[in-house]
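*Asks:* So for the sequence shown, UniProt numbering puts the first residue at 1; every next one is plus one.
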Amino acid sequence: MGDFVPALLVVDMQEDFCPPNGALAVENGRSIAPIINDLLCNRRFAIRVATQDWHPKDHISFAVNHPPPNNLPFESFITMSNPVPGKETQTKPQQLWPVHCVAGTEGASMIPEIKTDCVDLFVKKGMDPGVEMYSVFADAFGNVDSTKSVDTDLKAVLKGKNVTDVFIAGLAGDYCVKCTAIDAIKAGFRAWVIEEGTLCVVPGLGWEKTKEELEEDGVHVIHVDGPEIDMLRA
Ligand code: VGL
Ligand code: ZN
1 MGDFVPALLV VDMQEDFCPP NGALAVENGR SIAPIINDLL CNRRFAIRVA TQDWHPKDHI
61 SFAVNHPPPN NLPFESFITM SNPVPGKETQ TKPQQLWPVH CVAGTEGASM IPEIKTDCVD
121 LFVKKGMDPG VEMYSVFADA FGNVDSTKSV DTDLKAVLKG KNVTDVFIAG LAGDYCVKCT
181 AIDAIKAGFR AWVIEEGTLC VVPGLGWEKT KEELEEDGVH VIHVDGPEID MLRA
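#1: Specify, as a first and last residue, the run of the alpha helix (DSSP H) that Lys115 falls within.
#2: The beta strand (DSSP E) with Val10 in it runs from where to where?
#3: Restricting to runs no shorter than 4 residues, where is the alpha helix (DSSP H) found entirely within the region 139 to 191?
#4: Which class does Glu195 belong to by DSSP, given the choice of helix, strand or coil?
#5: Tell me whether Trp97, by its Cβ, gets closer than 7 Å to a heavy atom of the ligand VGL.
#6: In the DSSP assignment, find the unbroken alpha helix (DSSP H) run with Ile32 in it and report its ends.
#7: Could you name the residues of the same chain whose beta carbon sits closer than 7 Å to that of Thr210, not counting the 5 residues immediately before and after it, in chain order?
#8: Starting from Asp53 and walking both ways along the alpha helix (DSSP H), at which residues does that stretch end?
#9: Return the CA-CA distance between Thr198 and Cys18, expressed in angstroms with no decimal places.
#10: What three-state label does DSSP hand Pro93 in the structure shown?
#11: Please list the terminal residues of the continuous alpha helix (DSSP H) segment that includes Lys211.
#12: For the 8 Å Cβ check, are there 3 or more pairs between the region 26 to 39 and the region 92 to 109?
#13: Between which two residues does the beta strand (DSSP E) carrying Ile60 extend?
#14: Any chance the CB of Cys176 is under 7 Å from a heavy atom of the ligand VGL?
#15: Starting from Lys87, trace the beta strand (DSSP E) both ways and give me its first and last residue.
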């Protein structure tokens, strides 16, 4: 058998992504907490990481930071430039969101249902006001080393622990979970998304479309009661 060193990434289980008060609440967001806790506390992972979306008030993805009429949360897209000096001519459409996960606010805190005692490392992302960062590994332009958007080089941490396989759950399936899983592959890991451990901003078809995109990029979508997770039982 080849090397197998698994890590767990719990993505953005924060108040702002959960009802009843979350600014960008994912339907039933809190309901996946027991599944995530079982993964966090009852399985053999070399490292268990929790990410937190952590934006400054002037973040580019906040609809209120743009002039009308093209500033409707969930609906409008603006043009975002690569923040890296010399690369500013590179642009991408960026979807706008309600103000969410502002650094240090209640909305940015982990939901209390998550057993944070079982988390080994917290990583904050989305900290550069000028660029979106759904994935914990890279910003929207794929910037890694040059990004000021993240407080930890997670790829380096995982490689330092000889991690080969990254298991991913959390919120939201169609944004941060998806981008983190696809980037995990680009970073040289095998990637496994646990279907029952994630929920989407767009319920229903959002997950079906996301699953296709994940599998096209080589991410394995698995079930929490399947053999891959069973084998990790502590
Ligand atoms: C997320 C939208 C904006 C996520 C973060 O955690 O999936 N989605 N910021
Ligand atoms: Zn965000």
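Glycine included, C-beta positions come from ideal geometry on N, C-alpha and C.
*Replies:* In this structure, then:
#1: Lys115 -> no alpha helix (DSSP H), and no H or E assigned at all.
#2: Pro6 to Val11
#3: 154 to 160 and 178 to 186
#4: strand
#5: yes
#6: Neither: Ile32 is in no alpha helix (DSSP H) and is coded neither H nor E.
#7: Gly173, Asp174, Lys178 and Cys200
#8: That residue, Asp53, is in no alpha helix (DSSP H); its beta strand (DSSP E) goes Ile47 to Asp53.
#9: 12 Å
#10: strand
#11: Leu205 to Glu216
#12: no
#13: Careful: Ile60 lies outside any beta strand (DSSP E) and carries neither H nor E.
#14: yes
#15: Careful: Lys87 lies outside any beta strand (DSSP E) and carries neither H nor E.
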